Amino acid sequence: MSVQATKHLNDDALLWTLIDPDKLKASEKRHLQDCPICQDMQTSLQVELNDLKQKSQAFLPKPKRNLRPVSIEKTVSPVFFRMKKSLVYAFMIMICVGGVFGLWPTQNKNFNNLAIEQAKDSIENMLNVTDDTINNGTYSILPVTFQYIVADEFEIMSTPFYDYVFPVSTLSVDDS
Amino acid sequence: MDQISGWVKAAQSGNRYALNQLIDHYQNDIFRFVYYRIHHQADAEDLTQDIFIQVIKRIYTVKDHTLFKAWLYKIARNRVTDFFRKKRFLFFMGTTGDLELDTCETDENISPETELNRKEFTMLLKSLSKDLSKWEREIFLMRFIDDLDIKDIALALDKNENTVKTHLFRALQKFKKQKKIREILQTTTR
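Heads up: the protein sequence lines correspond to chains W and Z, in order.
Read left to right, the first sequence gives residues 1 to 176 (the numbering used here).
Read left to right, the second sequence gives residues 1001 to 1190 (the numbering used here).
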């Protein structure tokens, strides 16, 4: 069969010659062996692809250091340094959150302590009983401070305001 | 048993010299593989070292010594994928500026013309990559830049050989249609 009589290989067949020549039919293989036009087309494509490879090698920058690993163990994670900004944001958020929620319990605690102390004082004042009243078997419902104010007001200096106190004995409930 | 298989076997039994021989033999290939995917010299160097650290740690898992090359490229590809995943995360977090950087430390010995050609070549590869799908790009680069054969590509990508061939065929079809790229290739060759 002459070369002129057969059809030239189409583009796809030419491409397959570069990938897998076994995929070509026997007639196509024979034609490729005999036809200089098809051979030229195949060679030109092959040359371009070879150029691609040669150029990739030629334009490859030379490594600045030896690429053989020195140590298996990593000393520093490179990601850590790239995360710097994120860390800053995270710290800022933590500070803001801490500022809001961190102070609140402290303030509450202070207020609580103050309130407890004040309550203790008032209770102590209310329950404060003078030695005299204990000795005389009397108990005043008035705080000590008021007892003295009342005493001053009514000039009860010698016998302290018995009008305003209840004898302890009268507090007992009479069964009859 | 060829030399590489011998080195792999020796490295598995703890021979440091054999391990260094393996690394020295493949370090340029792996660096090229990484560089033409991430286009950043310093990161490519870091990543290449990481890949070999992984190799040292996991070399005992290689059962068939003749498949070491495919196994090595599989690790390299996984590390590159991890790199992009991490970079996307950092980009999302706002800690990195650009997803696609093209930085290459200029060598004083290289002429401005060569530097220009290098940049043009990088642009060419990028424009070609845009037209190809993920697998087509990966397989095209592995075949025609990294010079891996179909069998190794199939093993490295966990794909059937026929699938690889089909992807490669489609990639070549698209490459052939890129007249501009082919013209640039032809002009820079002269």
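Note that CB positions come from ideal geometry on N, CA and C, so glycine has one too.
Bear in mind that the values here come from a model prediction, so they are computed numbers and not experimental data.
Bridge partner(s) assigned by DSSP for residue 31 (chain W): Your numbering for residue 31 (chain W) matches position 31 in the first sequence. BP columns for residue 31 (chain W) are empty, so no partner.
Note down the Cα distance separating residue 1025 (chain Z) from residue 23 (chain W), rounded to an integer number of angstroms. Looking up residue 1025 (chain Z) in the second sequence gives position 25. Looking up residue 23 (chain W) in the first sequence gives position 23. Each residue's alpha carbon lies about 34 angstroms from the other.
How do the stretch 32–49 of chain W and the stretch 59–67 of chain W stand: do at least 3 beta-carbon pairs fall below 8 angstroms, yes or no? no
How many Å lie between residue 1174 (chain Z) and residue 87 (chain W) at the Cα? Here residue 1174 (chain Z) corresponds to residue number 174 of the second sequence, with the count starting at 1. Here residue 87 (chain W) corresponds to residue number 87 of the first sequence, with the count starting at 1. When rounded, the distance between both Cα atoms is 45 angstroms.
Same chain only: Cβ atoms within 7 angstroms of residue 214 (chain W), ignoring 5 sequence neighbours per side: This structure cannot settle anything about residue 214 (chain W), because the visible part of chain W is limited to 1 through 176.
The stretch 89–99 of chain W in contact with the stretch 1147–1167 of chain Z per 3-pair CB rule at 8 angstroms: no
Compare the C-beta of residue 1021 (chain Z) with all C-beta atoms of chain W and state if any pair is closer than 7 angstroms. The residue given as residue 1021 (chain Z) occupies position 21 in the second sequence. Not closer than 7 angstroms to any Cβ of chain W, the Cβ of residue 1021 (chain Z) fails to qualify, so no.
Just list the alpha helix (DSSP H) runs in the stretch 1037–1090 of chain Z, keeping only unbroken ones of 4 residues or longer that don't cross its boundaries, in chain order. 1041–1058
Quick check on DSSP: helix, strand or coil for residue 65 (chain W)? To locate residue 65 (chain W), count along the first sequence from 1; it is residue 65. Three-state result, residue 65 (chain W): coil.
Skipping 5 residues on each side, what residues in its chain have a beta carbon closer than 8 angstroms to that of residue 1136 (chain Z)? Counting from one through the second sequence, the residue named residue 1136 (chain Z) turns up at place 136. 1167, 1168, 1170, 1171 and 1174, listed in sequence order.
Within the 7 angstroms Cβ cut-off, does residue 52 (chain W) reach chain Z? For the purposes of this step, residue 52 (chain W) is taken as the residue at position 52 of the first sequence. So yes, residue 52 (chain W) belongs to the interface.
7 angstroms Cβ cut-off: residues of chain Z touching residue 60 (chain W): Counting from 1 along the first sequence, the entry for residue 60 (chain W) is found at position 60. Within chain Z, the residues near residue 60 (chain W) are 1032 and 1035.
How would you call residue 176 (chain W), buried or exposed, if buried means at least 16 neighbouring beta carbons within 10 angstroms? Taking the first sequence and counting its residues from 1, the one referred to as residue 176 (chain W) is at position 176. Model confidence at residue 176 (chain W) stands at a pLDDT of 49, short of 50, so the residue's coordinates are unreliable; what they give is reported in the following sentence. Classification of residue 176 (chain W): exposed, given that the 10 Å Cβ count is below 16.
Could you confirm whether any beta carbon from chain W is found closer than 7 angstroms to the beta carbon of residue 1144 (chain Z)? Here residue 1144 (chain Z) is taken as the residue at index 144 of the second sequence, counted from 1. Yes, its Cβ sits closer than 7 angstroms to a Cβ of chain W.
State yes or no: is the C-beta of residue 1068 (chain Z) within less than 7 angstroms of the C-beta of residue 1023 (chain Z)? For the purposes of this step, residue 1068 (chain Z) is taken as residue 68 along the second sequence, with counting starting at 1. For the purposes of this step, residue 1023 (chain Z) is taken as residue 23 along the second sequence, with counting starting at 1. Not closer than 7 angstroms, so no.
Residue 11 (chain W) versus chain Z: which residues are under 9 angstroms apart at the beta carbon? Mapped onto the first sequence, residue 11 (chain W) falls at position 11. Chain Z residues near residue 11 (chain W): 1173 and 1176.
What are the start and end residues of each continuous alpha helix (DSSP H) run of 4 or more residues lying completely inside the stretch 1106–1146 of chain Z, in chain order? 1112–1131 and 1134–1144
Less than 7 angstroms between the C-beta atoms of residue 1054 (chain Z) and residue 69 (chain W), yes or no? Mapped onto the second sequence, residue 1054 (chain Z) falls at position 54. Mapped onto the first sequence, residue 69 (chain W) falls at position 69. Not closer than 7 angstroms, so no.
Check residue 22 (chain W) in the structure and name its three-state DSSP category. Sequence index remark: in the first sequence, residue 22 (chain W) carries index 22 (1-based). It is helical.
Pairwise C-alpha distance: residue 91 (chain W) and residue 1021 (chain Z): On the second sequence, residue 1021 (chain Z) is found 21 positions in, with the first residue counted as 1. On the first sequence, residue 91 (chain W) is found 91 positions in, with the first residue counted as 1. Distance between the alpha carbons of residue 1021 (chain Z) and residue 91 (chain W) is about 47 angstroms.
Would you call residue 1035 (chain Z) buried or exposed, if buried means 16 or more other Cβ atoms sit within 10 Å of its Cβ? Residue mapping note: residue 1035 (chain Z) aligns to position 35 of the second sequence, counting from 1. The residue is buried, with at least 16 neighbouring Cβ atoms inside 10 Å.
Amino acids of chain W, ordered along the chain, whose beta-carbon sits closer than 7 angstroms to that of residue 1121 (chain Z): By one-based count along the second sequence, residue 1121 (chain Z) stands at place 121. The answer, in chain order, is 55 and 59.
If you draw a straight line from the C-alpha of residue 1181 (chain Z) to the C-alpha of residue 1081 (chain Z), how long is it? Here residue 1181 (chain Z) corresponds to residue number 181 of the second sequence, with the count starting at 1. Here residue 1081 (chain Z) corresponds to residue number 81 of the second sequence, with the count starting at 1. Residue 1181 (chain Z) and residue 1081 (chain Z): Cα-Cα distance of roughly 26 angstroms.
Return no unless some Cβ of chain Z is closer than 7 angstroms to the Cβ of residue 19 (chain W). For this step, residue 19 (chain W) is matched to residue 19 along the first sequence. Closer than 7 angstroms to some Cβ of chain Z, the Cβ of residue 19 (chain W) qualifies, so yes.
Proximal residues to residue 49 (chain W) (C-beta, below 8 angstroms), its chain only, five neighbours per side dropped: For this step, residue 49 (chain W) is matched to residue 49 along the first sequence. Contacts found: 18.
For residue 29 (chain W), which residues in chain Z fall below 9 angstroms Cβ to Cβ? As a first step, residue 29 (chain W) must be located in the first sequence, where it is residue number 29. Correct list: empty, because the minimum Cβ distance to chain Z is about 17 angstroms.
To the nearest whole angstrom, what separates the beta carbons of residue 56 (chain W) and residue 1032 (chain Z), a pair I think is in contact under 8 angstroms? Locating residue 56 (chain W) in the first sequence gives position 56, counting from the first residue. Locating residue 1032 (chain Z) in the second sequence gives position 32, counting from the first residue. Confirmed, about 7 angstroms.
Whole angstroms is fine: what's the gap from residue 44 (chain W)'s alpha carbon to residue 51 (chain W)'s? Indexing the first sequence from 1 puts residue 44 (chain W) at position 44. Indexing the first sequence from 1 puts residue 51 (chain W) at position 51. Taking the straight line from one Cα to the other gives about 10 angstroms.
Rounded to whole angstroms, what's the CA-CA distance from residue 1018 (chain Z) to residue 1059 (chain Z)? Just pull it up for me. The sequence position of residue 1018 (chain Z) within the second sequence is 18, counting from 1. The sequence position of residue 1059 (chain Z) within the second sequence is 59, counting from 1. About 12 angstroms.
Of the residues Z:1117, Z:1112 and Z:1065, the one placed nearest residue 1012 (chain Z), counting alpha carbons only: The count along the second sequence starts at 1 and reaches residue 1012 (chain Z) at position 12. The residue with the shortest Cα to Cα distance from residue 1012 (chain Z) is Z:1065.
At a CB-CB cut-off below 7 angstroms, which residues of chain W make contact with residue 1118 (chain Z)? Looking up residue 1118 (chain Z) in the second sequence gives position 118. Neighbours of residue 1118 (chain Z) on chain W, chain order: 59.
Can the beta-carbon of residue 61 (chain W) be found closer than 7 angstroms to that of residue 1041 (chain Z)? Looking up residue 61 (chain W) in the first sequence gives position 61. Looking up residue 1041 (chain Z) in the second sequence gives position 41. Yes, Cβ-Cβ distance for residue 61 (chain W) and residue 1041 (chain Z) is below 7 angstroms.
Which residues in chain Z sit within 8 angstroms of residue 32 (chain W), going by Cβ to Cβ distance? Within the first sequence, numbered from 1, the residue matching residue 32 (chain W) stands at position 32. None at all; the shortest Cβ gap to chain Z is about 17 angstroms.
To the nearest whole angstrom, what separates the beta carbons of residue 1125 (chain Z) and residue 1079 (chain Z), a pair I think is in contact under 8 angstroms? Stepping through the second sequence from its first residue, residue 1125 (chain Z) is reached at position 125. Stepping through the second sequence from its first residue, residue 1079 (chain Z) is reached at position 79. No, residue 1125 (chain Z) and residue 1079 (chain Z) are not in contact; Cβ-Cβ is about 20 angstroms, not under 8 angstroms.
Proximal residues to residue 1131 (chain Z) (C-beta, below 6 angstroms), its chain only, five neighbours per side dropped: Reading the second sequence from its first residue, position 131 is the one you call residue 1131 (chain Z). Closer than 6 angstroms at the Cβ level, and outside the excluded window around residue 1131 (chain Z), lie 1174.
Distance, Cα to Cα, residue 1158 (chain Z) vs residue 13 (chain W)? Against the second sequence, residue 1158 (chain Z) aligns to sequence position 158. Against the first sequence, residue 13 (chain W) aligns to sequence position 13. Whole-angstrom Cα-Cα distance: 27 angstroms.
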